[in-house]
Amino acid sequence: MIPEKIIPDIFKGLPVNAFFTTRTFNADPDTLKGQLQAEAIYLPVQKHTANIIVLDYELEPRIADSVVTNREGLAIGVQVADCVPILMYDMKKQVAGAVHAGWRGTAEGIVRKTIAVFRDRFGSSPEDIVMAVGPAVRGSCYQVGDEVVDAVSKATGKGDYAQSRGDKHYIDLPSANRLQAMADGVLPGNIWMSEECTHCLPDKYYSYRYSKGAAGRQYAFLSIDRSLL
216 MIPEKIIPDI FKGLPVNAFF TTRTFNADPD TLKGQLQAEA IYLPVQKHTA NIIVLDYELE
276 PRIADSVVTN REGLAIGVQV ADCVPILMYD MKKQVAGAVH AGWRGTAEGI VRKTIAVFRD
336 RFGSSPEDIV MAVGPAVRGS CYQVGDEVVD AVSKATGKGD YAQSRGDKHY IDLPSANRLQ
396 AMADGVLPGN IWMSEECTHC LPDKYYSYRY SKGAAGRQYA FLSIDRSLL
């Protein structure tokens, strides 16, 4: 297989290096630093929380599932294997965010809380934020229980992201996170969505559900590079 990464065109022309990886991508630190033109790389300790880290120069590992920074040359990222990887960038304030949204994070509104950090900490306006939602388990490949539907619906409101067929329930988490972002002011035209399902493409992506728990991880990374202005 040819190593591949996905570069969302929503970031075209902006002073960022951003991409989602596939299972064939070499994610060693030196390769990543070169790909991202970054001096350092930061991955949080992910625990399906709604914790958000704002990074400046302290890079000690901490438990969180969202990272926000305005530091140039620092590549922030998350790891996924079915959950939703989300990259965000404020075009005016030059603030970057990387979010890991599983069903628990989605139910706790982690995208909305990240937008609130952009707004409250950096003075961002949601309409200036562009957002890329990467490959994740989609729709009918993600069967869940009633309690998951209830929790995500309370955070998101009604929408066709939740479907039922008989006594089986399914949720499309990428669509739920898109709706949450839009509810907080991110413009529909500023949201890029991958249409690929990790469960449907096991040769291209790691999938926790497909492999029944024994899976590697994809990455989502974003770094600010003002030399691109």
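With the sequence shown counted from 1, adding 215 to any position gets you the numbering used here.
For every residue, glycine included, the Cβ atom is placed at its ideal position computed from N, Cα and C.
Comparing alpha carbon positions, the residue from C412, K419, L289 and R432 closest to E219 is K419. Annotation for I439: the continuous beta strand (DSSP E) segment containing it runs Q433 to I439. A direct Cα-Cα distance of roughly 10 Å separates D245 from L251.
Annotation: Q261 to V293 spans about 8 Å, alpha carbon to alpha carbon. It is roughly 17 Å from the alpha-carbon of G354 to the alpha-carbon of A366. Taking C-beta separations shorter than 6 Å and ignoring five residues to either side along the sequence, the partners of L247 in its chain run I256, following chain order.
CA-CA distance, D305 to G381, rounds to 42 Å. Here DSSP, grouped into helix, strand and coil, assigns M408 to strand. At a cut-off of 3 residues, the continuous stretches assigned as beta strand (DSSP E) that sit fully inside the region 284 to 323 are 289 to 295, 299 to 305 and 310 to 316. When the beta-carbon positions are compared, W407 and V310 stay at least 8 Å from each other. Residues of the same chain with a CB within less than 7 Å of the CB of N392, apart from the 5 flanking positions on each side, are V299, I301, A316, T321, V326 and V348 in chain order.
Here R380 carries a strand assignment [DSSP, helix/strand/coil].
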